[in-house]
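Engineer:
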Amino acid sequence: MQLDNLYQEVILDHYKRPEFKKLSETFSVRVHHVNPSCGDEITLQLSLDMQGEIALTWDGIGCSISMASASVMAGLFNGKSLEQTAPIFEEFVTLMQSKGAATGDEDVLEDAVAFSGVSKYPARIKCALLAWMAFKDASVQVQGQVK
Ligand code: ZN
8 MQLDNLYQEV
18 ILDHYKRPEF
28 KKLSETFSVR
38 VHHVNPSCGD
48 EITLQLSLDM
58 QGEIALTWDG
68 IGCSISMASA
78 SVMAGLFNGK
88 SLEQTAPIFE
98 EFVTLMQSKG
108 AATGDEDVLE
118 DAVAFSGVSK
128 YPARIKCALL
138 AWMAFKDASV
148 QVQGQVK
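If you use the working numbering, the sequence shown corresponds to residues 8 to 154, in order.
#1: Verify whether the separation of the beta carbon atoms of Asp47 and Ser73 is less than 8 Å.
#2: At what residues does the alpha helix (DSSP H) containing Arg131 begin and finish?
#3: In chain order, what residues of the same chain lie with their CB nearer than 6 Å to the CB of Ala119, ignoring the 5 residues before and after it?
#4: With a threshold of 16 other CB atoms inside 10 Å of the CB of Pro43, please say whether the residue is buried or exposed.
#5: Ala75 and Ile18 - do their beta-carbons sit closer together than 8 Å?
#6: Work out the CA separation of Leu137 and His40 for me, nearest whole Å.
#7: Which whole-angstrom value describes the C-beta separation of Leu51 and Val38, a residue pair presumed to lie in contact below a C-beta threshold of 8 Å?
#8: Rounded to a whole number of angstroms, what is the C-alpha to C-alpha distance between Trp65 and Ile49?
#9: Indicate the three-state DSSP secondary structure (helix, strand or coil) for Asp56 in the structure shown.
#10: Is it right to say Leu13 is buried, meaning 16 or more other beta carbons lie within 10 angstroms of its own, or is it exposed?
#11: Is Asp66 near the ligand ZN - that is, is its Cβ less than 7 Å away from at least one heavy atom of it?
#12: Based on Cα-Cα distance, which residue from Cys134, Met140, Ala145 and Ala121 lies nearest to Asp20?
#13: Apart from the five residues on each side of it in sequence, which residues of its chain come closer than 7 Å, Cβ to Cβ, to Leu83?
#14: Give every residue whose Cβ lies closer than 6 Å to any heavy atom of the ligand ZN, listed in chain order.
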C-alpha cells in the first residue's frame, strides 16, 4: 500500500502512541466490533457528561490502519457533543467511500485526512472504518439511555 509519506507518518505516530487507548472504569455503553477480513478488534466505551460532552476510551488489537484510525477518532471526538461529531463522521465516511477521488476537508477531519489514501484500497476501508462504526453503534445506544 502506497500512501503519501506525511500521511503515513501521521498514521504510524497514532499507531505507536495511541490516544485514549485505555478503557476507563466507568462508562455508559461498551461495544465490541470486529473486522473479520483483517482480524482487527476494538472495544469502545462511551459516556456523555452532564453537558453532553463525549468521554470515549477504547482498546483493541489489529493492523496499524485500524488502530491509528481509532486513536485519531478518539482525539477528535473526546470533549465534543454528539451533534458536533456528526459532520466529522459524515466527512470521514464520504472520504472512505470515495475510491481515492476525494482528498477530505482538513478543517473538518484534522489528522483523519491522513487516511484519504486508504480509500483506494477496498480491503483496507473496513480497517479504517472499524472504530467509527463502533462509535456509531455506541452513540445510538447511549442516546437510547438518556432521559
Ligand atoms: Zn486491518
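All residues carry an ideal CB built from backbone N, CA and C; glycine is no exception.
Structural biologist: Concretely, from the data shown:
#1: Counted from its first residue, the sequence shown places residue 47 at position 40. Counted from its first residue, the sequence shown places residue 73 at position 66. The answer is yes: Cβ separation under 8 Å.
#2: To locate residue 131, count along the sequence shown from 1; it is residue 124. Unbroken alpha helix (DSSP H) run through Arg131: Pro129 to Gln152.
#3: Walking along the sequence shown from the start, residue 119 turns up at place 112. For Ala119, where only same-chain residues beyond five positions count, the Cβ hits under 6 Å are Val79 and Phe99.
#4: Numbered from 1 along the sequence shown, position 36 holds the residue referred to as residue 43. Looking at its Cβ environment, which holds fewer than 16 other Cβ atoms inside 10 Å, Pro43 is exposed.
#5: Residue mapping note: residue 18 aligns to position 11 of the sequence shown, counting from 1. Residue mapping note: residue 75 aligns to position 68 of the sequence shown, counting from 1. Closer than 8 Å, so yes.
#6: As a first step, residue 40 is located in the sequence shown; it is residue number 33 there, counting from the start. As a first step, residue 137 is located in the sequence shown; it is residue number 130 there, counting from the start. C-alpha of His40 to C-alpha of Leu137: approximately 7 Å in a straight line.
#7: By one-based count along the sequence shown, residue 51 stands at place 44. By one-based count along the sequence shown, residue 38 stands at place 31. Going by Cβ atoms, the distance from Leu51 to Val38 rounds to 5 Å, so yes, they are a contact pair.
#8: Taking the first residue of the sequence shown as position 1, residue 65 is located at position 58. Taking the first residue of the sequence shown as position 1, residue 49 is located at position 42. Trp65 and Ile49: Cα-Cα distance of roughly 7 Å.
#9: Looking up residue 56 in the sequence shown gives position 49. Asp56: coil per DSSP, three-state reduction.
#10: Here residue 13 is taken as the residue at index 6 of the sequence shown, counted from 1. By the Cβ-count criterion, Leu13 is exposed, with fewer than 16 other Cβ atoms from all chains shown falling within 10 Å of its own Cβ.
#11: The count along the sequence shown starts at 1 and reaches residue 66 at position 59. Asp66 Cβ: outside cutoff for every heavy atom of the ligand ZN.
#12: Locating residue 20 in the sequence shown gives position 13, where the first residue counts as 1. With distances taken between Cα atoms, Asp20 lies closest to Ala121.
#13: Taking the first residue of the sequence shown as position 1, residue 83 is located at position 76. By the criterion of a C-beta distance shorter than 7 Å, Leu83 is surrounded in its chain by Ile95, Glu117 and Ala119, once the five residues flanking it on both sides are discounted.
#14: Asn42, Cys45, Asp47, Gly69, Cys70, Ile72, Ser73 and Cys134
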